[in-house]
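One gets our numbering by counting positions in the sequence shown from 1 and adding 131 to each. Step one of this worksheet: look at the structure below.
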Amino acid sequence: MDSIDSQSYLMDSLILKIDDKSSYDFNYFDIGRIDGIEKLVVLNQINSSVDFYSLQDGNIEDRFDVPQDGPTPVRNTQGMLFYNQDSIFVFTSFLLSRFGLFDKNGEIRSLHRPIIETDNLRDKVINQASSPTLPTVYSNGKLFFSQLTLGNPAGNPKFSESHNPEFIYYLEKDSIAQVHHLKMPADYKGSTMPLSFSFHSKAMNDANEFVVSWFATDSLYVFDMDFNLKSKHLGKSGLSKGFEKTTYPLSQEEADRLTISQTHYPRLIYDPYRRLYYRFAYIGRPYDPNELIDYKSTQKNPFSIIVLDEDFIKLEEVVFPGSVYNLYHAFVAESGLYLPMANIFYVNLSEDEVKYEIFDFSSL
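Listed below in structure tokens is the structure:
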């Protein structure tokens, strides 16, 4: 496979130390400034805490407990948002039954429980994500959530017409509004697909626009904050061979084959320091029916980072090996793009530390 040498963009590295109350598997995290200094802020589901890591030496510097008992418990946590050091949201899974707003010292500023006033049963069911791939965004008293489907995209060719991928939470009223006019791309209409292909990734740019990347379409979609479509841009991998369209119910084996063998786009990150977009593409590899497949099997695939400028002009596509990095745990900070060598299949994976390689694409 011809590729641009990723090591030519490697600027530095950082070793993050993992203590006995933590895990290398950072599913929910954010980057934020504490007293002006940039930190990696991690929702620690093992310890029920929020942990603050130094990006200078990789040490954990502070943590606060997320209460599990007493008068103000915040249980079953799934996702977080660091808005500033006085506003750290810790979200709960699925229905957001009770989520909290904390300051950097762990003091609870407010608790929230959604009031869903609707007769539409579909609108009462939410499955919020709040992950680095689908970050929740705060603006003017509103939280912009992405949600994952509870439906069956592999078996229902009309799935794409019914799924609402985004909803808005109004903090003052604790009310929720589904974004009914935002649907999956027209390319998906009438198709069945593997579950993961129904997902999307989003990033907010400096113009307060949402840029949305769907797993199984080559385009990027730019929306205003009311989710009205403003523009559409090609962000295709040069290693993509297109997507196989299926309209019949998929067996598990067929869904596995489509997921493993087709190049698709699991993540989009906006870099505000360099005003670049990084679109990640898992590169399809041959499907082996004897391989035991689960939701992490694509981490064996090589992947690329498609680097686009602020006008969505493709500058470069840089290829990385499979089974080494975990692209879902990557993040952007002042020094560059931090890519952790924390793949579940990495032969040198350690429970005591995570090595981040730091890449800088500003020379493109």
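Ideal Cβ positions, reconstructed from N, Cα and C, are used throughout, including at glycine.
Under the three-state DSSP convention, the category residue i falls into
{"i": "residue 312", "result": "coil"}
{"i": "residue 133", "result": "Confidence at residue 133 is low in this model, with a pLDDT of 49, below 50, so the placement of that residue is unreliable and no value is reported for it."}
{"i": "residue 458", "result": "helix"}
{"i": "residue 431", "result": "helix"}
{"i": "residue 317", "result": "helix"}
{"i": "residue 492", "result": "coil"}
{"i": "residue 199", "result": "coil"}
{"i": "residue 138", "result": "helix"}
{"i": "residue 415", "result": "coil"}
{"i": "residue 476", "result": "coil"}
{"i": "residue 367", "result": "coil"}
{"i": "residue 175", "result": "strand"}
{"i": "residue 464", "result": "strand"}
{"i": "residue 404", "result": "coil"}
{"i": "residue 223", "result": "strand"}
{"i": "residue 231", "result": "strand"}
{"i": "residue 377", "result": "strand"}
Alpha helix (DSSP H) segment containing residue i, residue limits
{"i": "residue 390", "result": "383 to 392"}
{"i": "residue 292", "result": "290 to 293"}
Residue i versus residue j: straight-line alpha-carbon distance, rounded
{"i": "residue 132", "j": "residue 451", "result": "Residue placement at residue 132 is flagged as unreliable, the pLDDT there being 42, under the threshold of 50; the coordinate-derived value follows with that caveat. Straight-line Cα distance between these residues: approximately 11 Å."}
{"i": "residue 283", "j": "residue 188", "result": "45 Å"}
{"i": "residue 263", "j": "residue 466", "result": "18 Å"}
{"i": "residue 474", "j": "residue 427", "result": "9 Å"}
{"i": "residue 275", "j": "residue 357", "result": "10 Å"}
{"i": "residue 146", "j": "residue 318", "result": "42 Å"}
{"i": "residue 245", "j": "residue 337", "result": "29 Å"}
{"i": "residue 416", "j": "residue 144", "result": "29 Å"}
{"i": "residue 198", "j": "residue 229", "result": "12 Å"}
{"i": "residue 401", "j": "residue 139", "result": "21 Å"}
{"i": "residue 142", "j": "residue 371", "result": "28 Å"}
{"i": "residue 495", "j": "residue 442", "result": "14 Å"}
{"i": "residue 277", "j": "residue 170", "result": "24 Å"}
{"i": "residue 312", "j": "residue 184", "result": "40 Å"}
{"i": "residue 392", "j": "residue 302", "result": "43 Å"}
{"i": "residue 374", "j": "residue 328", "result": "11 Å"}
{"i": "residue 422", "j": "residue 479", "result": "22 Å"}
{"i": "residue 235", "j": "residue 304", "result": "25 Å"}
{"i": "residue 216", "j": "residue 248", "result": "32 Å"}
C-beta atoms of residue i and residue j nearer than 7 Å
{"i": "residue 227", "j": "residue 176", "result": "no"}
{"i": "residue 461", "j": "residue 399", "result": "no"}
{"i": "residue 181", "j": "residue 160", "result": "no"}
{"i": "residue 472", "j": "residue 456", "result": "yes"}
{"i": "residue 285", "j": "residue 381", "result": "yes"}
{"i": "residue 405", "j": "residue 493", "result": "yes"}
{"i": "residue 325", "j": "residue 345", "result": "no"}
Endpoints, the beta strand (DSSP E) within which residue i is located
{"i": "residue 327", "result": "Premise fails: residue 327 is in no beta strand (DSSP E) and is neither H nor E."}
{"i": "residue 215", "result": "208 to 215"}
{"i": "residue 448", "result": "445 to 451"}
{"i": "residue 146", "result": "141 to 148"}
{"i": "residue 467", "result": "467 to 471"}
{"i": "residue 297", "result": "297 to 301"}
{"i": "residue 182", "result": "180 to 185"}
{"i": "residue 277", "result": "273 to 277"}
{"i": "residue 109", "result": "The question about residue 109 has no answer, for the chain in this structure spans 132 to 495."}
Proximal residues to residue i (C-beta, below 7 Å), its chain only, five neighbours per side dropped
{"i": "residue 413", "result": "394, 395, 397, 429, 432, 434"}
{"i": "residue 437", "result": "366, 368, 410, 412, 445, 448"}
{"i": "residue 157", "result": "173, 460"}
{"i": "residue 151", "result": "none"}
{"i": "residue 376", "result": "322"}
{"i": "residue 477", "result": "454, 455"}
{"i": "residue 420", "result": "384"}
{"i": "residue 269", "result": "212, 214"}
Cβ shell of residue i (< 8 Å), same chain only, five flanking positions each side left out
{"i": "residue 482", "result": "149, 154, 155"}
{"i": "residue 378", "result": "288, 321, 322, 323"}
{"i": "residue 222", "result": "208, 209, 210, 211, 212, 230, 259, 261, 267"}
{"i": "residue 162", "result": "169, 170, 171, 172, 213, 462, 463, 464"}
Nonlocal neighbours in the same chain, by C-beta distance under 6 Å from residue i, ignoring five residues either side
{"i": "residue 453", "result": "431, 432, 433"}
{"i": "residue 353", "result": "340, 342, 361, 362"}
{"i": "residue 137", "result": "449, 451"}
{"i": "residue 496", "result": "No information on residue 496 is available, as it lies outside the stretch 132 to 495 that the chain covers here."}
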